[in-house]
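Please read the structure below before turning to the comments.
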Amino acid sequence: MTAVYAPLSGADERFPLPPLAAGRPLLGHALEMYRHPLQHMIDLYQRYGPIYRVRVPGREFYVLAGLDANRMLSATGSAYFLSQGLFDDFQKELGASHFLINMDGAAHKRMRGLMRPGYSKRRFLQRLDDVVAVTRGYLAAWPVGKTIGVLDACQRIVTEQITSVFVGHPPGDYFEDIRRFMGMLMRALVIETAPRWTLQLPAYRRAKRRVWELAARVMESYRRLPPDERPPGLLADLLAHYEAGGEFVSDDADLLSAVVGPYLAGLDTVAGTLAFMIFAFLRHGVWEEIRAEVDDLLFVEGGLTTENLKKAKKLHAAVMETLRMYPVAAFTPRLAAQDFVFHGYRVPQGAEVLLANGLTHFLPEYFPNPQRFEIARHLEPRLEYRRTPGAFAPFTLGPHTCLGAGTAEYQLMLTIATIVHHMDLALLRPDYQVRQALTPTPSPGFGFKVRVLGRHHL
Ligand code: HEM
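Under our numbering, the first residue of the sequence shown carries the number -1, and numbering increases by one thereafter.
Structure follows, in structure tokens:
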């Protein structure tokens, strides 16, 4: 039996290049890739198999999809896939000499080690009461009898939670600047749906200036504290590393760009997932079921504990099912580190690769009836999210697996629990179907609204 993947020495002609998926004249696959990238990848996977090429104007991608691709990404470190170089312009825009998602190998591992404790779920779990208090503050202002924009609301809640826990400093008046900065940066430099000159626009320059002003204020007020009064956490770790002449945080620009991280981390990821989850709960009628569980476990005297959160099995399963069915990071861009063969096809060194980590979420061999939102699939005895290693990959796999994954899971559980406990919401139409929008990553879009029917216990 031949190996699924193996290194090649040079352009070994015995192995052809992967099939080039037929696309539109000039545009290639651009429209489909921007409009519904994951569905498009699934369609092409069914047609061409686990490896194929797609073109968009000026670029060609090698798409690797399916369980073998996920397992290869998970198992091979940086031997086949590199991140360095993919985010150079993004890093330059942040002014950082080192940028975690743009690094590989031993240096990446060391920097990840520096950041890990600061983003840990342990730290998040120490602050459950504060996280619920932030959520309640927003829910108390949702206007009963009127509609609210779900994504906007989720972005505000999530960003305030993360920054309160990890930085001790919520975004306040700077929220709009943070959102504009991140959105324009992602569109111009990562998903490339906007031209680069948009980063010269006054609106972007102002937002960027304000975000840096916020980071400088945060750092300044932290530094002003007497050393023995400084709370432990991300800022303490960064500052200690910096003051020791650190490898990764070697000047003020590095320090500030690291402080900006938590303000951006949840904006598209946790918030997009939470917005999808509100839609899914309303559309698939699980609101009351989850409410019954969390009312009994978490929202009783003394109930808000890590232990009880872990006992909320349906709540956990609902989060897993949302991450499966609505993956906001369904593919992982990389550069081929060397010539290699995958399923009999050659990938040349330097090729732009897309690993479709979220595609397996829709293969019935791992998730039967994959288009059905079904919480029971992640409960005993099925436990589909962990039955086939590599098939469930909402945080991608391999050396860059999301550093905030543990935090994000608990954050999603606790926030949706608080929302179902306090709020009665309704879709504007019972048969409303969510349309995925790129805002800039997949989400239900800013147009997704729900009606606020009522509020309890607030
Ligand atoms: C549903 C929520 C989230 C999703 C789906 C998600 C997804 C991802 C993905 C796919 C990556 C890998 C990017 C790449 O390799 O190119 C990543 C990296 C990362 N994420 Fe998340 N993320 C989420 C929430 C968070 C949160 C809440 C935090 C922080 C509190 C966070 C911090 C990070 C960091 C620091 C990295 C860089 C890791 C590295 O490069 O080694 N993420 N995330």
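Glycine included, each C-beta is placed from N, C-alpha and C at the ideal position.
| Item | Value |
| --- | --- |
| Looking at the unbroken beta strand (DSSP E) that takes in Y364, where does it start and where does it end? | That residue, Y364, is in no beta strand (DSSP E); it is neither H nor E in DSSP. |
| Which of the three DSSP states is assigned to M421 in this structure? | strand |
| Keeping to the same chain, check which residues put their C-beta closer than 7 angstroms to that of A263; ignore five residues upstream and five downstream. | I160 and G402 |
| Can you check which of these residues, P48, L71 and L137, is closest to L62 by C-alpha distance? | P48 |
| Taking 6 angstroms as the cut-off, does the CB of P442 come closer than this to any heavy atom belonging to the ligand HEM? | no |
| Determine the burial state of V298: buried for a count of at least 16 other Cβ atoms within 10 Å of its Cβ, exposed for fewer. | exposed |
| Looking at the structure shown, is R185 part of a helix, part of a strand, or coil, going by DSSP? | helix |
| CA-CA distance, G356 and L456? | 38 angstroms |
| Are the CB atoms of F274 and P442 nearer to each other than 7 angstroms? | yes |
| Pull the bridge partners of F340 from the DSSP assignment, please. | Y3 and Y343 |
| Regarding H398 and the ligand HEM, is the C-beta to nearest heavy atom distance less than 6 angstroms? | yes |
| At a cut-off of 6 angstroms, is V268 close to the ligand HEM when judged by its beta-carbon and the heavy atoms of the ligand? | yes |
| Have a look at the DSSP bridge pairing and note the partners of V52. | F59 |
| I'd like to know whether the C-beta atoms of Y364 and A327 end up nearer to each other than 7 angstroms. | no |
| In terms of alpha-carbon separation, which member of I146, L183, L395 and G83 lies closest to P438? | L183 |
| Please check the pair C152 and A269, which I expect to be a contact at CB under 8 angstroms, by giving their CB distance rounded to whole angstroms. | 4 angstroms |
| Would the C-beta of F329 count as close to the ligand HEM, meaning under 6 angstroms from any of its heavy atoms? | no |
| Go through its chain and collect everything with a Cβ distance to L361's Cβ below 7 angstroms, but skip five positions before and after it. | P368 |
| Within the continuous alpha helix (DSSP H) that includes P193, where are the two ends? | Counting along the chain, P193 falls outside any alpha helix (DSSP H), and DSSP gives it neither H nor E. |
| When DSSP builds the beta bridges, which residues end up paired with A354? | A63 |
| Within the same chain, show all residues whose beta-carbon is closer than 6 angstroms to that of A391, passing over the 5 residues directly before and after it, in chain order. | N68 and N355 |
| Would you identify the three-state DSSP class for P331, choosing helix, strand or coil? | strand |
| Taking A20 as the reference, which of L197, K447 and L42 has the closest Cα? | L42 |
| Could you check what DSSP says for S76 in three-state terms: helix, strand or coil? | coil |
| Using a threshold of 6 angstroms, is the CB atom of R121 nearer than that to any non-hydrogen atom of the ligand HEM? | no |
| Should V142 be labelled buried (16 or more other beta-carbon atoms within 10 Å of its own) or exposed? | exposed |
| Which residue's Cα is closest to the Cα of G93: Y220, G301 and F246? | F246 |
| Let me check understanding here. Comparing Cα to Cα, which of I176, D226, D86 and Q124 lies closest to D266? | I176 |
| Flag A263 as yes when its Cβ comes closer than 6 angstroms to any non-hydrogen atom of the ligand HEM, and as no otherwise. | yes |
| Helix or strand or just coil, what does DSSP make of R449? | strand |
| Helix, strand or coil for P225, going by three-state DSSP, please let me know. | helix |
| Could you give the residue range of the beta strand (DSSP E) that holds G147? | T145 to G147 |
| How big is the Cα-Cα spacing for E305 and P379? | 21 angstroms |
| If you follow the alpha helix (DSSP H) that S255 is part of, which residue opens it and which one closes it? | D250 to A263 |
| Measure the Cβ-Cβ separation of L223 and Y240 and say whether it is below 7 angstroms. | no |
| At what residue ranges does the region 376 to 432 contain a whole run of the beta strand (DSSP E), taking only runs of 3 or more? | 421 to 425 |
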